[in-house]
Amino acid sequence: MEAATTVSATCGGCRVKLRIFEVASWLWLIVMTAAAQPQNTTDPAEARVINEMFRQWGISESSVTNMRWNVSGELCSGAAVDSTDFDSTNYNPAIKCDCSFLNSTCHITRLRVYSMDAVGVIPEGLWTLIYLTNLDLRQNYLTGPLSPSIRNLTRMQWLTMGVNALSGELPPELGQLSDLRLLAIGTNNFNGSLPPELGNLRRLEQLYIDSSGVGGEIPSTFASLQNLVTVWASDNEFTGIIPDFIGNWSRLQTLRFEGNSFEGSIPPSFSSLTSLQDLRISGLSNGTLDFISNLNALSVLVLRNNRISGPIPTHIGERQNLLLLDLSFNNLNGQIPRDLFNLSRLSFLSLGNNSLNGTLPDIKSKSLRNIDVSYNELSGTLPSWVNEENLQLNLVVNNFTLGDLGNSSLPSGLNCLQRNFPCGRGSPLYSEFGINCGGPSITSSDQLLHEQDNETLGAATYFVTSERRWGVSNVDQRDVPRFIDSTSRQFTSTLDSELFQTARLSAGSLRYYGLGLENGNYTVTLEFAELEIEDGLTWKSTGRRVFDIYLQGNRVFQDFDIKKEAGGASFSPVLRQATVHVLENYVEIHLFWSGKGTCCVPDQGTFGPLISAISATPNFRPSVRNTPPSTKTTKKKNRTGLIVGILVPITVVSFLYLLAIYIFRQCRKEHDILNKYEEFVGIDTKPYTYSYGELRDATDDFSPANKLGEGGFGPVYKGKLDDGRIIAVKQLSVASHQGKAQFVAEIATISAVQHRNLVKLYGCCIEGDKRLLVYEYLENKSLDQALFGNTRLSLNWATRFEICLGIARGLAYLHEESRVRVVHRDVKASNVLLDADLNPKISDFGLAKLYDDKKTHMSTRVAGTIGYLAPEYAMRGYLTEKADVFGFGVVALEIISGRPNSDSTLEDEKIYLLEWAWDLHEANNEVELVDEELSEFDENEVKRLIRIALLCTQTSPMQRPAMSRVVAMLSGDTEASGVITRPEYLTGFNFKDVTTFKSALSTLGRNSMPTTSHSVISPSTPDEDSRPMLHSIVGEDLLMADETNTDPATINTSIMVPLSKSLHPLHEIAMTPTHKLLLKQWLKEEELILNRIALKETQIDSVRKELTHLYCFFFLFHSIYLVLLFSSASSSIGGSCGRSWIPSICSLVCSLGLIWAVRYKIDTEAHLEKLLEREKEDGKLLGKCVEELKKKGLEFDLLKEVDALRRAKSLRVEVKVVKKWSARDFVTLFLFTVSCSVLAVTRVILCD
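If you count by mature numbering (1 follows the signal peptide of the UniProt record, and there is no 0), then the sequence shown holds residues -36 to -1, 1 to 1212, one letter each, in order.
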């Protein structure tokens, strides 16, 4: 029994071991089998095709930052086989593979190369990718024909090749792609007709062939395409009639047939298209609107320019889904159905250019915001709803009874644009006009003023100038801001580049009217430049803008293409002229879009008319003066008896009184003119001058609620002018260091330059000691607040890069492109403002200096801000445009890092941004500089921008690039090349503690200022003798912070002290180059002081003559009065005795007016004498200094720059005159009072 048990146990153990061995064998077999299975691999032939195609098109992993699959290795990997959505535009180019085939071979089934500007032909190998079901090659610049080998793609379902430059005829083999559901080949250069074989694509649902270049009749085989949902076929050369079989496309929802050459009318079968939602057809020759009776799903109906006749059917008011209805440019008649204005969803209604009559409906739905009923026969009064806010309403050329529109919200001038254009009809006022479409007033090279045309237009609106000289009318289906386009590019081959930098645009109908013209023959000049469609081998250059031009209702240019007329170039001027005959005192210029041209390149809605400038000049000798009508009203004639009854003494006294007031005002006006002339000397372009009261009202008396901030020169307020413009008013405080000279310099500089990246100056105000600047208002304030202020904005990398590029363009314009070339001198983040679209605009030109190409400024008055100053400017006063380049480099680093250039709260190595940037650059770790707020950024762009910034902050100005080259480097037009080494000012001085440095700097400034010195002319009191040394004045702006400025980083820019308190003993002057430079300034100032002395003497002489005239006038006045008083006619002249006080009171009032005028002249004389005394004192002191220095044999060439005059003027101190009554004044007043009293008493005695 024991033996049996032992044997059994032994056998059981064997069985267990056997089972374990079997399981292990199976596992080993499974593993080996799996290892023997082949891995998924891309079909080698397909991989070669893709790699070769990408090589030809210049696409590689290094050129595409967001590629999610392996180009150089296994194609079918990564996003090509995972769950990544193929339609996501985040990954481009993109492929998808299917690895479910035999032998584990992966085949490419979907391929997208979208909007990559691939240039070249489609390689033949592409048609061997027979497993493709989706091919998307949109928005590139592919050329050549489509190969017949396309028939190999039998699995293809979505084929998209739109917006390219493909050519040739469409291959019939397209008809063999029987699974095709989408075919998009629009915006190409194909020719020929549509292949009938396309009728085999019975599964086709979407067909996009707009602007493809095909033509001819639509093949009858298309009748079988009954699954079509969307058809875009506009802007082709289709002929014949619109096929009737389209009415059988029962699933059709969208149909566009605009801009073709069809004949006939819309087929009645269209009434069967009950699913139709969007229908757009134009260019037909007749028809009615009966077919729409059953189309209840319609939301967009555009049937413009089809010569449709008959009345508007009433049932159209039952189409409750309508959003947009355009029936303009037809032959419709009858009245407008009332229900049409009550459609609850309708927002745009265009019925213009028909023959509709009757009146406008009394009620309108709230949704209807754009209405065009222009060029009809409508009449009657306007309903009350025309005054609704935000309503766009075009009512021109009708027969409305307008009445008084004074309180209406409609634009003024509507009466001038009614039938027969009544303004100036029969009584012409003008013989020419010019319009700068979309821009400000500009005088062209032929001296013709092109008036501003920058009014905000709407989708259905009009505008007439206040002088009733010209008007404009616009009708459009789009909601485009202002309907204005602009560019900062400079145009060549023209003397009037600025005329082409703005343009008025419209996607429908744009009309300009010249009003009140003298009849005769005129030459109308139209100037164009394409501003939206680009040049070059890019998909953005494939667009075409095509429109017609009519003059006086006659078409003079058909299918006008601006870019084609310019030889295929965008941003190139095109000028066209035509002669028109004016018979009824007006001219009409009509730009009309008939449906031709591309619709969506480079953006959706880029089509229709665009014009830069318009002018009309007479071909005859005009007899009118081209001035607006006078606003003076003629005086009503009084009856002869009433004139005789007026008392002669009152008339004479009144006349003399008015004459005295006139003389007083003229004297005061001359005084103001002298002051203004003195302030604006040397300024070519005088800015618009606002009154102080006007700006006070605009800012609510400079309310703290409107205060935007406090600048270095005073507060800035937000205001609103009467015309609705929002402005920013810089109020220069009395204690501001920006003197009159700098104030005038800022006005002159900003008025001389205009650029999209420069703050626009509207005007200024100078009244007494009140000086203000009026700028455009920018919503997003300054760049430093956006980057590191309390209200910082979330700026992504693309926005920051565009801000850098905009600043660079603005500085390049100042340095190299502007007619008046300018150095800004204070480029920093707080002097860059951001508009609503975050476009940068450089501000604060109060420190700007004009300079000559062949000279530089050697200035002892350094203006700028610590941290942004170039070394050569801060230490030597050597000023060129490279000082601005340095400041730009620092600002660029601030934009990248999102921090100021110095921050003592950071670690020691990060306190100074420029030093930290160099440390990171040398460690090849520039990316660490990027703002932590930026989660995504282009690393290559970051490194390029940092390298540019370091180039701009090199020690030597010769090593820094010009701003035009900076723009080119930022735009990628040139490499950011150049040898850059760590600047000497960083290697020679190690900053680690900003507080210690500022303390040392302040101590250095105080130690440079001696407490006493000696007068050149004679000893004086200790207070007067405590003056700074000469070397302190030379270095004052570098070493001393402005005590009145709360910002320690801002350098003092203006020391307003008398010249006699800033000169020093000659024995203390060392003959250094700086002292020689100061001597040059003294020589100039001496010459200017002599000129001012002569001016003051002339003014004093003029005042004394005026005083003599006033005394003579006074005695003449009283002599005449006495003669009249004692003459025999006194009883009739003076009136009845009961009114004997009337002439006496008049005499007294006139005398007091004369006393006031004399008092004013006496005060003026005293004021000028005080100024003359100060000028002579300064002149003597300067003369002695100059003469003694000349004895040492020093000779200098005098600089003859305009700003020398302004610097000299800033040293002058205006003496406040204490007005005291002299003995002469008392005697004069006493004599005047006694004489008036005697006259009054004598008159009373005579009367009694």
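Glycine included, C-beta positions come from ideal geometry on N, C-alpha and C.
So which of 584, 381 and 469 has the shortest CA-CA distance to residue 480?
-> 381
Checklist entry - Which residues mark the beginning and the end of the beta strand (DSSP E) in which residue 58 is found? => result 58 to 62
* How would you label residue 8, buried or exposed, when you count the other beta carbons within 10 angstroms and need 16 or more for buried? -> exposed
*asked:* For the structure I just gave you, are there three or more beta carbon pairs, one from the segment 783 to 802 and one from the segment 936 to 943, closer than 8 Å?
replied: no
Q. If you draw a straight line from the C-alpha of residue 184 to the C-alpha of residue 545, how long is it?
A. So the alpha carbons of these two residues sit roughly 49 Å apart.
With DSSP run on the structure shown, which of helix, strand or coil describes residue 896? Residue 896: coil per DSSP, three-state reduction.
Within the chosen definition, does the segment 131 to 148 reach the segment 159 to 169 through at least 3 CB pairs nearer than 8 Å?
yes
Point to revise | Contact under 8 Å by Cβ, residue 233 with residue 261 | key: Against a cut-off of 8 Å, the Cβ pair of residue 261 and residue 233 comes out as no contact.
- Looking only at its own chain, which residues have a Cβ that is under 6 Å from the Cβ of residue 870, when we skip the five neighbours before and after it? none
At least three beta-carbon pairs within less than 8 Å, the segment 464 to 476 to the segment 387 to 395
no
Practice task
Leaving aside the five residues before and after residue 666 along the sequence, list all residues of the same chain whose C-beta is less than 7 Å from its C-beta, in chain order.
Solution key: 660, 681 and 695
| query | Helix, strand or coil: which one does DSSP assign to residue 761? | reply | helix
Endpoints, beta strand (DSSP E) assigned at residue 579: 577 to 582
- Task: With distances taken Cα to Cα, identify the nearest neighbour of residue 718 among 461, 200, 853 and 516.
- Result: 461
- Are residue 246 and residue 222 touching if we call contact CB-CB under 8 Å? yes
According to DSSP, is residue 1236 helix, strand or coil? Residue 1236 lies beyond the residue range present for the chain, which begins at -36 and ends at 1212; the question has no answer from this structure.
Item checked: residue 217 in three-state terms, based on DSSP -> coil
**Item:** Any beta strand (DSSP E) of 3 or more consecutive residues that is wholly inside the segment 384 to 427
**Value:** As far as the segment 384 to 427 is concerned, its whole beta strand (DSSP E) runs of at least 3 residues are 397 to 401 and 413 to 417.
message: Between which two residues does the alpha helix (DSSP H) holding residue 8 run?
response: Per DSSP, residue 8 belongs to the alpha helix (DSSP H) from 8 to 21.
Item to complete: Give the DSSP bridge partners of residue 866, in chain order.
Response: 876.
inquiry  = Let me check one thing: in DSSP terms, what residues is residue 485 bridge-paired to?
reply    = Residue 485 is bridged by DSSP to 545.
- Message: Within 10 Å of its beta-carbon, does residue 91 have 16 or more other beta-carbons around it, so buried, or fewer, so exposed?
- Response: buried
Would you report the Cα separation of residue 143 and residue 73, rounded to the nearest angstrom? Approximately 14 Å, taken between the alpha carbons.
Looking at the unbroken alpha helix (DSSP H) that takes in residue 661, where does it start and where does it end? 656 to 662
| field | Close Cβ partners of residue -4 (< 7 Å) along its chain, the five nearest in sequence each way excluded | value | Note that residue -4 scores 38 on pLDDT, short of 50, meaning its location in the model is unreliable and no value can be drawn from it.
Residue 692 - DSSP class collapsed to helix/strand/coil: strand
- Query: Rounded to whole angstroms, how far is the Cβ of residue 202 from the Cβ of residue 182, which I believe are closer than 8 Å?
  - Reply: With a Cβ gap of about 6 Å, residue 202 and residue 182 count as contacting.
| Taking residue 492 as the reference, which of 530, 519 and 503 has the closest Cα? | With distances taken between CA atoms, residue 492 lies nearest to 530 out of 530, 519 and 503.
Of the choices 366, 367, 292 and 353, whose alpha-carbon is the least far from that of residue 373?
353
Relative to the alpha-carbon of residue 131, which residue among 653, 116, 107 and 273 has its alpha-carbon at the smallest distance?
107
Buried versus exposed call for residue 103 [16 or more other C-beta atoms within 10 Å across all chains shown]
buried
Could you say which of 180, 786, 422 and 429 lies nearest to residue 387 if we only look at CA atoms? Looking at 180, 786, 422 and 429, the one whose alpha-carbon comes closest to that of residue 387 is 429.
Does DSSP put residue 137 in a helix, a strand or coil? helix
Inset, instruction - Pull up the CB-CB distance for residue 336 and residue 439, whole angstroms please, since I reckon it's below 8 Å. - result: 5 Å
Burial state of residue 750, where buried means 16 or more other Cβ atoms lie within 10 Å:
buried
Pick from 375, 230, 518 and 196 that is closest to residue 126, judged by C-alpha positions | 196
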